[in-house]
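Protein sequence lines correspond, in order, to chains S and B. Residue 1 is where the first sequence starts when you use the numbering used here, and the numbers rise one by one after that. Residue 1001 is where the second sequence starts when you use the numbering used here, and the numbers rise one by one after that. The C-beta atom is built at its ideal place from N, Cα and C for all residues, glycine as well. Take a look at the structure below.
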Amino acid sequence: GAVVSQHPSWVICKSGTSVKIECRSLDFQATTMFWYRQFPKQSLMLMATSNEGSKATYEQGVEKDKFLINHASLTLSTLTVTSAHPEDSSFYICSARTLAGASNEQFFGPGTRLTVL
Amino acid sequence: AQTVTQSQPEMSVQEAETVTLSCTYDTSESDYYLFWYKQPPSRQMILVIRQEAYKQQNATENRFSVNFQKAAKSFSLKISDSQLGDAAMYFCAYAPYGGATNKLIFGTGTLLAVQP
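Here's what the structure looks like:
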């Protein structure tokens, strides 16, 4: 149980285009989803927290107009990188948790590698 | 603000030996959770072990155990009988008690190499 998927697993796009990454909880309802960014050999950096049906809460320094997050259902959250530039190239990871879960455990997706040319 | 510190950027252990990864944290809360996550080369985050702060007994999961020292705010991970598959980045994480939106606070990670 507690499986989270991400799609796509990797994407290459041209500078100036937008890219959408999906995060799905496959066997549970995720009241809260989190989006992280990770650079090579570094820790996970929380970008935003999203709750189903409400606006995402962004961490300080994260451009909300650039990283659009939508959590339209209890099993799906999307991250759209708008007008992507090479500096947006990174590994993006989502996680999800449910009120029914214990211990504040987050279940992580396998990540999406974004390369912007 | 809560912080998590992992002072060992890299560690190495011989196969079948034991290794301990260090983690300290800072919080003014009395109730919280602590985690160790493993991130292998696939980059999938895997929960290794979890500790509730109100429990005095150290958590154990097969070859993985923790030494939780609440007063010292220390939470080390011991891996016994190390296997090649244990090679990964290990992250220590803290989470406040209660609330679905409470964030995980990660340490900077320790890269563990396992030598055959």
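The beta strand (DSSP E) enclosing residue i, as first and last residue numbers
i	result
lysine 1038 of chain B	1032 to 1039
valine 81 of chain S	76 to 81
alanine 1095 of chain B	1088 to 1096
tyrosine 1054 of chain B	Careful: tyrosine 1054 of chain B lies outside any beta strand (DSSP E) and carries neither H nor E.
asparagine 51 of chain S	44 to 51
leucine 1112 of chain B	1110 to 1115
Local Cβ density within 10 Å of residue i, reported as buried at 16 or more and exposed below that
i	result
asparagine 1109 of chain B	Correcting the residue identity first, residue 1109 of chain B is glycine in this sequence and not asparagine. Under this definition glycine 1109 of chain B is a buried residue.
tyrosine 1033 of chain B	buried
serine 50 of chain S	buried
threonine 1060 of chain B	exposed
alanine 1072 of chain B	exposed
arginine 1063 of chain B	exposed
Assigned secondary structure, residue i (DSSP; H/G/I helix, E/B strand, else coil)
i	result
aspartate 1026 of chain B	strand
leucine 1084 of chain B	helix
glutamate 87 of chain S	helix
arginine 24 of chain S	strand
lysine 14 of chain S	coil
threonine 115 of chain S	strand
methionine 1011 of chain B	strand
methionine 33 of chain S	strand
valine 4 of chain S	strand
lysine 1078 of chain B	strand
glutamate 1017 of chain B	coil
asparagine 1067 of chain B	strand
valine 62 of chain S	coil
Near the ligand SAH: residue i beta-carbon under 7 Å from a heavy atom
i	result
valine 11 of chain S	The ligand SAH is not among the ligands present in this structure, which contains no ligands whatsoever.
Cβ-based neighbour list, residue i, same chain, cut-off 6 Å, excluding 5 preceding and 5 following
i	result
isoleucine 1105 of chain B	Gln1002, Val1004, Tyr1094
valine 3 of chain S	Leu26, Asp27
Nonlocal neighbours in the same chain, by C-beta distance under 7 Å from residue i, ignoring five residues either side
i	result
serine 15 of chain S	Ala84, His85, Pro86, Val116, Leu117
valine 62 of chain S	Met47, Ala48
glutamate 52 of chain S	Thr31, His71, Ser73, Leu74
Close-in-space but distant-in-sequence residues of the same chain around residue i (CB under 8 Å, 5 per side omitted)
i	result
cysteine 13 of chain S	Val19, Ala84, Leu114, Thr115, Val116, Leu117
Per-residue contacts from residue i into chain D (C-beta, under 7 Å)
i	result
leucine 1104 of chain B	Any reference to chain D falls outside this structure, whose protein chains are S and B.
Check your understanding: Listed in chain order, which residues of the region 55 to 89 of chain S have Cβ atoms closer than 7 Å to some Cβ of chain B?
Key -> Listed by position along the chain: nothing, the set is empty.
Practice item. Output, in sequence order along the chain, the residues in the region 1022 to 1049 of chain B whose CB is closer than 9 Å to any CB in chain S. Key: The residues in question are Tyr1032, Tyr1033, Phe1035, Tyr1037, Gln1039, Ser1042, Arg1043, Gln1044, Met1045, Ile1046, Leu1047.
Review point. Mind listing which residues of the region 39 to 52 of chain S have their C-beta closer than 8 Å to chain B's C-betas, in chain order?
Key: Within the region 39 to 52 of chain S, the qualifying residues are Lys41, Gln42, Ser43, Leu44, Leu46, Thr49, Asn51.
**Study point:** chain S contacts made by the region 1060 to 1077 of chain B, where a contact means CB separation under 9 Å
**Key:** So nothing in the stretch comes that close.
Review point. Got a sec: which bits of the region 16 to 31 of chain S sit with their beta carbon under 7 Å from any beta carbon on chain B, in order along the chain?
Key: Cβ contacts with chain B come from Thr31.
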